[in-house]
Amino acid sequence: MEKSHICSKLEFHLASYAVKCSIDLPHEYPQEHPKFRSFFQQDKDRVLHSESFRRLGYKTQVFVVYEGDFYRTRLTHSLEVAQVSRSLAVAFSANEDLVEAVAYAHDLGHPPFGHRGEDTLNSLFQQALADKFGIKAPANRKAFEQNYQSYRIVSELEKRYFEFPGLNLSIPVLKALLRHETAFDIPSIPYPIELVSEEKTKKVKQLYFDTKSPSLEAQIVNVADQIAWVTHDLEDALRVRFLHIEDLRKLNNRLLNLSEERIKKGSSWEKDTILWGRLLVRNMIDILITDLVNENAQKLSKHKSSKEIEQIEFPILRFSSEIEKAVENLRNFLLERVYTHPIAERMSSKASMILERTFEKLVKDIESEKSTSMKLLPYSTQEILRSETNPVKRVQIVVDFIAGMTDRFASEFYRILFEPEERGITSLY
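So for the sequence shown, numbering that gives the first Met the number 0 puts the first residue at 0; every next one is plus one.
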């Protein structure tokens, strides 16, 4: 099949405002068009086959992975975001392959132990830069930011090709990753990156932050991410009994009320709390998707190109005001009752301690190649450290190593560093 015909076939159903398939789609490095796929399909496949994507199966969403086998992980969350994203893309006649590629990749940069892990790693990196080099954090700036880490993984840290670093995904995918935004994720470039990679930072700003808003496809993933975590985190919380049916009824939330009205049409729904939670979540997702389509379809039809969408001052894709308030209310409720639940806090506190002691030990010991902890690092990480002389970059390498850990690996690496026993290091690699 000719390359141009592949795009023609895929573009047949796309709206005028969708990002189009192209045989000359820009990349950071020269990239020949695949024979039987579009560039966006290739992007999606490269993410799915990456080591970083597989690791998501052992990284925390809300509940630490090793605490139970039935909780959602970053991997299952990413799959759910992709499913919701694709449904929205179909409804809006947007580019389905692009939204899936972005959805699969959007959480690759998450460190172990969820958002607590991200906050801890950011604080540790900031403190190390201040203590070792006198570099203080600028106001409202982060040293570690998971969206930018996702970008670094696919553009630099993944090693699968001789021809280029990273996965060499197309520019629209990379741009969407850097512009990923939710209540928990605010796009930014970490200040240590600016310190050690001035040319790279300038290029990133010019290439990816040159528009007022992200593409519609990027906005779809942003909203789908919020839909997935607000609904599925609620389902997990019901399963472990952090919440009960009556707790949700007392909230008198419009979204929950609409969803429960649908459940009541069934039979025996109240006898099984887990089933009730599943039905509730299924209905919530349908209500949220339907609301988005009803609220935005007509607005979108006025725009004639994807560039028009990107030049709008604020993201165009929004819930109705009524549902927006309900989502915000539910998000705050989950923050109060689930994300800061004593059991969740206990798990998070343990996770923070593991990361703190591991980070401090590694940052101290990278000064000596003969140190025990240096010898425990993978050979590839040891080689990178040996070849790097910039002290800030050396700390960044430690951050990258820890950020790439799964929950299980982080716990096991900590055990070997501080609580060695007869199992030794073979359980790690």
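We put the beta carbon where it would ideally sit given N, CA and C, even for glycine.
| Check | Outcome |
| --- | --- |
| Which residues share a DSSP beta bridge with Thr-200? | DSSP lists no partner for Thr-200. |
| Measuring straight from C-alpha to C-alpha, what distance separates Lys-306 and Asp-23? | 17 Å |
| Just list the residues that DSSP pairs Thr-72 with in beta bridges. | Thr-59 |
| Indicate the three-state DSSP secondary structure (helix, strand or coil) for Val-64 in the structure shown. | Note that Val-64 has pLDDT 46, beneath the 50 cutoff, so the model's placement of it is unreliable and the number below is only indicative. Here Val-64 sits in helix by DSSP. |
| Please classify Pro-111: is it buried, with 16 or more other beta-carbons within 10 angstroms of its beta-carbon, or exposed? | buried |
| Tell me, which residues are paired with Lys-158 by DSSP? | Gly-165 |
| Quickly, what does DSSP pair His-26 with across the bridge? List them, please. | Ser-169 |
| What do you get for Ser-325, buried or exposed, if any count of 16 or more other CB atoms within 10 angstroms of its CB means buried? | Note that residue 325 is Ala in the sequence shown here, rather than Ser. Buried, by the Cβ-count rule. |
| What are the boundary residues of the alpha helix (DSSP H) that includes Thr-135? | The sequence given here has Lys at residue 135, not Thr. Lys-135 -> no alpha helix (DSSP H), and no H or E assigned at all. |
| Taking its Cβ as the centre, do 16 or more other Cβ atoms sit within 10 Å of Pro-341, making it buried, or is it exposed? | exposed |
| Going by alpha carbons, who is nearest to Ile-170 out of Ile-288, Ser-214, Gln-82, Ala-182? | Ser-214 |
| Can you tell me whether Pro-189 is buried or exposed? The criterion is at least 16 other CB atoms within 10 Å of its CB, across all chains shown. | buried |
| Which runs of the alpha helix (DSSP H), 4 residues or longer, sit entirely within the segment 304 to 346? | 305 to 309, 320 to 333 |
| Is there contact between the segment 215 to 231 and the segment 160 to 178, where contact requires at least three CB pairs shorter than 8 Å? | yes |
| Under a three-way DSSP split, which group does Asp-271 fall into? | coil |
| For His-464, which of Ala-102, Cys-20, Trp-228, Ala-88 has the nearest alpha-carbon? | The shown model of the chain, from 0 to 428, leaves out residue 464, and the question about it has no answer. |
| Threshold first: 4 residues or longer. Then list the alpha helix (DSSP H) segments lying entirely within the segment 78 to 122, N to C. | 95 to 104 |
| Is it buried or exposed, His-76, if we count other Cβ atoms within 10 angstroms and call 16 or more buried? | buried |
| Does Phe-183 come out as helix, strand or coil in the three-state DSSP assignment? | coil |
| Among the candidates Leu-128, Ile-315, Asp-290, Thr-200, whose CA atom is the shortest distance from the CA of Lys-363? | Leu-128 |
| Does Glu-144 come out as helix, strand or coil in the three-state DSSP assignment? | coil |
| Given this structure, state the Cα-to-Cα distance separating Val-337 from Phe-241, to the nearest angstrom. | 6 Å |
| Within 10 angstroms of its Cβ, does His-12 collect 16 or more other Cβ (buried), or is it exposed? | exposed |
| Which one of Ile-311, Pro-314, Phe-91, Met-404 has the shortest CA to CA distance from His-354? | Per the sequence presented here, residue 354 reads as Leu, with His not at that position. The shortest Cα separation from Leu-354 among Ile-311, Pro-314, Phe-91, Met-404 belongs to Met-404. |
| For Phe-124, count the other beta carbons within 10 Å of its own beta carbon; 16 or more makes it buried, fewer makes it exposed. Which is it? | buried |
| If Leu-166 and Val-46 are in contact, beta carbons under 8 Å, what's the gap, nearest whole angstrom? | 7 Å |
| I need the DSSP call for Arg-240, collapsed to helix, strand or coil. | coil |
| Below 8 Å, how does it come out for the segment 290 to 298 and the segment 310 to 326: are there three or more Cβ pairs, yes or no? | yes |
| Quick one: measure Cβ to Cβ for Gly-116 and Ala-296, integer angstroms, because I've assumed they're closer than 8 Å. | With 8 Å as the limit, Gly-116 and Ala-296 do not qualify as a contact, their Cβ atoms being about 38 Å apart. |
| Check whether the segment 190 to 201 and the segment 133 to 148 touch, using three or more Cβ-Cβ pairs below 8 Å as the test. | yes |
| Any idea what DSSP makes of Gly-276, helix, strand or coil? | helix |
| Have a look at Ile-5 and Gln-205 and give me their C-alpha separation to the nearest angstrom. | 30 Å |
| Is it buried or exposed for Phe-412, if we count other Cβ within 10 angstroms and need 16 for buried? | buried |
| Between Leu-87 and the rest of its own chain, which residues show a CB-CB distance below 8 Å, the 5 nearest in sequence each way excluded? | Ala-93, Val-98, Ile-219, Val-222, Ala-223, Ile-288, Leu-291, Val-292 |
| In this structure, how does DSSP classify Asn-389 when only helix, strand and coil are distinguished? | coil |
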